[in-house]
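Asks: Residue numbers (numbering that gives the first Met the number 0): 0 to 174. The structure follows.
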Amino acid sequence: MLVRGATSGVGVAFLRLVKALYPSCRVAGSTRSAQKGERLLGEGFDRCVVDDRNALKTEDSFDAILDLVGPAAAQDTFAHIRPGGTVCITGLLGGQWTLDGFDPIVDTNGGCLTGFYSGDVDGERLQALISTIEDRRIDVKPERTFRLSEMRQAHAYLASRDSFGKAVAIPEFDE
Ligand SMILES: NC(=O)c1ccc[n+]([C@@H]2O[C@H](COP(=O)([O-])OP(=O)(O)OC[C@H]3O[C@@H](n4cnc5c(N)ncnc54)[C@H](OP(=O)(O)O)[C@@H]3O)[C@@H](O)[C@H]2O)c1
0 MLVRGATSGV GVAFLRLVKA LYPSCRVAGS TRSAQKGERL LGEGFDRCVV
50 DDRNALKTED SFDAILDLVG PAAAQDTFAH IRPGGTVCIT GLLGGQWTLD
100 GFDPIVDTNG GCLTGFYSGD VDGERLQALI STIEDRRIDV KPERTFRLSE
150 MRQAHAYLAS RDSFGKAVAI PEFDE
C-alpha cells in the first residue's frame with residue numbers, strides 16, 4: 000500500500016498500526032522532500048516515493064492508498080491505484096476540501112473511493128484502538144513534545160521542512 004503524505008503524524012501512526020497488525024504488508028510512503036526518504040525508511044516504510052507538486056514520481060500502482068493530501072491530488076492518486084483497489088481520503092494537506100472537476104467514471108481508474116472521519120469515532124472504538132496499542136506494544140511515542148506556551152514554536156516546526164511525525168502539546172497546570 001501507499002501512504003500519501005507519509006511524514007505527517009497520521010501517516011507515521013498509520014504505518015505503526017499496519018506493521019503491528021499485518022507485518023508482511025509492504026508500505027510505501029510519499030513526501031515532497033527527497034531528503035526525508037531516509038527518515039521514512041528508518042521509521043519502517045519499505046520505500047519512499049517523491050511527490051512533486053501533486054504528481055507521484057513512480058509508474059507503480061498500489062492495492063490500497065491512504066491519501067492524506069486529499070482532493071488536490073486525487074486524480075493523480077487514482078492514477079496509481081490497481082483495479083479494484085481502494086483509496087481512502089483521510090487528509091487535506093493539499094489545502095483543497097472538495098473534488099472539483101473530478102469525473103468519477105473515468106478518474107477513479109477502476110478503483111474505489113472511501114473516506115475516514117474521526118467524528119465517527121466513539122469511546123468504544125477509541126478504547127479498542129488503545130487496547131490494540133497496549134496488547135501489541137505499539138510504539139506511539141510522539142516525535143516532538145511542546146509545552147502549551149510553546150505553540151508558536153510547535154507550529155513553526157510543523158510548517159518547516161523538517162516536520163516529521165506527531166507533535167504533541169502538553170498542558171501546563173499551576174501547582
Ligand atoms: N479525516 C479525519 O478525521 C482526520 C483526522 C485527523 C487528521 N486529519 C487530516 O489528516 C492530515 C494529516 O494530519 P497531521 O496532523 O498528521 O498532519 P501534520 O503532521 O501536520 O502533517 C505535516 C506533513 O504534511 C505534509 N504537507 C504539508 N503541506 C503539504 C502539501 N501542500 N501537500 C502535501 N503534503 C503536505 C508535510 O510533508 P512533506 O514535507 O514531507 O511532504 C509535513 O510533514 C491533515 O490534513 C488533517 O487535517 C483528518
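The C-beta atom is built at its ideal place from N, Cα and C for all residues, glycine as well.
I'd like to confirm something about T30: is its beta-carbon nearer than 6 Å to some heavy atom of ligand 1, or not?
Replies: Locating residue 30 in the sequence shown gives position 31, counting from the first residue. Yes, Cβ of T30 sits closer than 6 Å to a heavy atom of ligand 1.
Asks: Taking 6 Å as the cut-off, does the CB of L1 come closer than this to any heavy atom belonging to ligand 1?
Replies: For the purposes of this step, residue 1 is taken as the residue at position 2 of the sequence shown. Not under cutoff, so the answer is no.
Asks: On the DSSP bridge assignment, give the partners of F145 in chain order.
Replies: Along the sequence shown, read from residue 1 onward, the residue named residue 145 stands at position 146. The partner list for F145 (beta bridge, DSSP) reads A168.
Asks: Does the beta-carbon distance from G4 to L92 come in below 7 Å?
Replies: Counted from its first residue, the sequence shown places residue 4 at position 5. Counted from its first residue, the sequence shown places residue 92 at position 93. Contact flag set, yes.
Asks: Work out the CA separation of E171 and S60 for me, nearest whole Å.
Replies: Walking along the sequence shown from the start, residue 60 turns up at place 61. Walking along the sequence shown from the start, residue 171 turns up at place 172. Rounded to whole angstroms, S60 to E171 spans 46 Å at the Cα level.
Asks: Taking the straight line between their C-alpha atoms, what separation do you get for G94 and V68?
Replies: Numbered from 1 along the sequence shown, position 95 holds the residue referred to as residue 94. Numbered from 1 along the sequence shown, position 69 holds the residue referred to as residue 68. So the alpha carbons of these two residues sit roughly 8 Å apart.
Asks: Where does V17 fall in DSSP's three states?
Replies: Looking up residue 17 in the sequence shown gives position 18. Three-state result, V17: helix.
Asks: List the residues that DSSP assigns as beta-bridge partners of C47.
Replies: Here residue 47 refers to the residue found at position 48 of the sequence shown. Answer is G28.
Asks: My understanding is that D75 touches N53, with C-beta atoms under 8 Å, so please give their C-beta distance in whole angstroms.
Replies: The count along the sequence shown starts at 1 and reaches residue 75 at position 76. The count along the sequence shown starts at 1 and reaches residue 53 at position 54. That pair is a contact at about 6 Å.
Asks: Given A33, which residues of its chain have a CB within under 6 Å of its CB, disregarding the five upstream and five downstream residues?
Replies: As a position in the sequence shown, residue 33 is number 34, starting the count at 1. V49.
Asks: Figure out for me which residue from F77, A71, R135, G43 has the closest Cα to the Cα of E58.
Replies: Numbered from 1 along the sequence shown, position 59 holds the residue referred to as residue 58. Here the closest residue by C-alpha is F77.
Asks: Quick check: what's the CA-CA separation for A63 versus S148?
Replies: Taking the sequence shown and counting its residues from 1, one reaches residue 63 at position 64. Taking the sequence shown and counting its residues from 1, one reaches residue 148 at position 149. If you take the alpha carbons of A63 and S148, they lie about 40 Å apart.
Asks: Just the C-alpha distance for E123 and S130, rounded to the nearest angstrom, thanks.
Replies: Position 124 of the sequence shown, counted from the start, is the residue given in the question as residue 123. Position 131 of the sequence shown, counted from the start, is the residue given in the question as residue 130. Cα-Cα distance, rounded: 10 Å.
Asks: Going by DSSP in three states, I132 sits in which element: helix, strand or coil?
Replies: Within the sequence shown, residue 132 is the residue found at index 133, counting from 1. I132: helix per DSSP, three-state reduction.
Asks: Relative to the C-alpha of G114, which residue among D106, W96, Q126 is closest?
Replies: Indexing the sequence shown from 1 puts residue 114 at position 115. Nearest option by C-alpha distance: W96.
Asks: For L128, tell me which candidate among V2, G164, L16 has the shortest Cα-Cα distance.
Replies: Within the sequence shown, residue 128 is the residue found at index 129, counting from 1. When each option's Cα is compared against that of L128, the closest is L16.
Asks: Indicate, with yes or no, if ligand 1 has a heavy atom lying under 6 Å from the CB of F191.
Replies: The structure shown does not extend to residue 191, since the chain is modelled only from 0 through 174, so no value can be given for it.
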